[in-house]
Amino acid sequence: MPSRPAACVAAAAALAAIALAPAAALGQPAAPASPAPAASPAAAPSGPGAMAAINPADPWPGMKRLLVIADVQTGFHHDSINHAIGVIEQLGREHHEWATVIRTDSQLLTKAPIVGQGTRYAGRPVNARNLTQFDAVFFLGSGTSTLTEQQKADLLSFVREDGKGFVAGHAASVAYYDWPAYLDMIGGFMDYEYRPAPMALLTEDPAFPGARAFPRRFVFNDQFPVMRAPFSSKDVHVILRLDADALTPEQRSHRPDGDIPVVWAKTYGKGRVYNLTIGHREEVWDDAAFRELARQGIRWALGLVKADARSPAERDAEPAR
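Under mature numbering (1 follows the signal peptide of the UniProt record, and there is no 0), read the sequence shown as residues -27 to -1, 1 to 294, first letter to last.
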């Protein structure tokens, strides 16, 4: 047993600890704490290092970043988009090739810092990533533009000046009819679309990444668009096209010259544009060959694989060697 003096010292220490303990720890209600002074909203950072200051940690080190925009804007709501965005995310995750950020709005299509709204975040920087944090955009929208003029300029410069990628999904050729510069970027606006049905296709460039998933001629069941004049495949790098010789006279009447590509690539300034007009039917996104085509197209847009995407017009304009 401890000596009497030691016991007294221990008892005194215990009483002191009890006296200093919070009331809640002793089973008694704690006195209400004085409210902390409200923090003033922080000003949104600006300048080249603004986003790095907001997002100091990289959650996907060493991986490319793909922004998938499923904002339908004001156009037709394709049910297949739900499945498409899941497949796109899955492909990147399975192959550990890209990290996917999915949005159903166009808020991140900007180079400006994203600031919060509402009582807690109003005017303060938040960790939402803008275009400067991505390597490519996969756009699945349709309809009239709801982007601001600054957002439009930022998206174009993201591809043209920054050398990033843009993948135009099935309905992207019926988006932004009121935006001529968007047409210049993606290559064509839709004029007509055939009813979903099996149709004969030709692989025009089997050397392009993903194209070897299909034979030189094959039948595929989907909805295929016809581009509006003055579209010409001379201005894009065609990967897959409809077999014009297999069209009925009525089908051919929508494009008498038979120039109906359905997948193409093109350069836009320093950047890469991949136009994937296939994907109307949900079942298409479960097709193994189509998945490989989509995956490799995304990889090319992200800069993970190189390919010759020059158009015939660009080739013809090059000086002879």
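C-beta: ideal position from N, C-alpha, C; glycine also.
Starting from the C-beta of Ala286, find all residues in its chain whose C-beta is less than 6 Å away, skip the five residues before and the five after it, and write them out in chain order.
Result list for Ala286: Lys207 and Asp208, in chain order.
Which of helix, strand or coil DSSP assigns to Val110
strand
Please go through the same chain and pick out, in chain order, the residues whose beta-carbon is closer than 7 Å to the beta-carbon of Gly183, but skip the five residues on each side of it.
Glu265, Leu266, Arg268, Gln269 and Gly270
Confirm, please, whether the CB-CB distance from Arg133 to Gly244 is below 7 Å.
yes
Quick check on the burial criterion: 16 or more other C-beta atoms within 10 angstroms. Buried or exposed for Trp273?
buried
Is it buried or exposed for Tyr247, if we count other Cβ within 10 angstroms and need 16 for buried?
buried
Selection from Thr119, Gly161 and Tyr165 that minimises the alpha carbon distance to Met228:
The sequence shown places Arg at residue 228, not Met. Among Thr119, Gly161 and Tyr165, the Cα nearest to that of Arg228 is on Tyr165.
Does DSSP put Leu120 in a helix, in a strand, or in coil?
coil
Using CA atoms only, rank isn't needed, just tell me which of Arg283, Tyr150, Gly242 and Trp258 is closest to Asp135.
Gly242
Pick from Met158, Thr176 and Glu223: whose alpha carbon is nearest that of Lys137?
Met158
Spatially closest choice to Gly231 from Arg254, Ala95, Ala202 and Glu256, by CA coordinates
Ala202
Taking DSSP as the reference, what is the three-state secondary structure of Asn103?
Annotated three-state conformation of Asn103 is coil, per DSSP.
Three or more C-beta pairs closer than 8 Å, one from the stretch 108 to 123 and one from the stretch 215 to 223: is that the case here?
no
Three-state secondary structure assigned by DSSP to Asp195:
strand
Ignore the nearest five residues each way along the sequence and tell me which others in Gly161's own chain have a CB closer than 8 Å to its CB.
Ser146, Met200, Arg201, Phe204, Val209 and Asn248
DSSP has Gly244 in a bridge; who is on the other side?
Tyr241
Measure the alpha-carbon distance for Val235 versus Asn194 and round it to whole angstroms.
Each residue's alpha carbon lies about 13 Å from the other.
Where do the N-terminal and C-terminal ends of the beta strand (DSSP E) with Leu271 fall, by residue?
A small correction: the amino acid at residue 271 is Ile; Leu does not occupy that position in the sequence shown. Looking at the DSSP string, Ile271 is not in any beta strand (DSSP E); the run it does join, the alpha helix (DSSP H), is Ala261 to Leu275.
Neighbourhood of Gln124 by C-beta, 8 Å cutoff - its chain only, sequence neighbours within 5 removed
Ser79, Leu82 and Thr83
Cβ of Ser53 versus every heavy atom of the ligand ADP: is any distance shorter than 6 Å?
This structure simply doesn't include the ligand ADP, nor any ligand for that matter.
Counting only the same chain and skipping the five closest in sequence on each side, list residues whose C-beta sits under 6 Å from that of residue 375.
There is simply no residue 375 to check, as the chain begins at -27 and stops at 294 in what is shown.
DSSP three-state assignment for Lys37, whether helix, strand or coil:
strand
According to the Cβ coordinates, are Phe111 and Leu39 closer than 7 Å?
yes
Would you please verify whether the beta carbon of Arg102 is less than 7 Å from any beta carbon of chain E?
Of the protein chains in this structure there is only one, and it is not chain E.
Where the beta strand (DSSP E) through Val278 begins and ends:
That residue, Val278, is in no beta strand (DSSP E); it is neither H nor E in DSSP.
With distances taken Cα to Cα, identify the nearest neighbour of Lys239 among Ser53, Asp281, Leu213 and Glu256.
The residue with the shortest Cα to Cα distance from Lys239 is Asp281.
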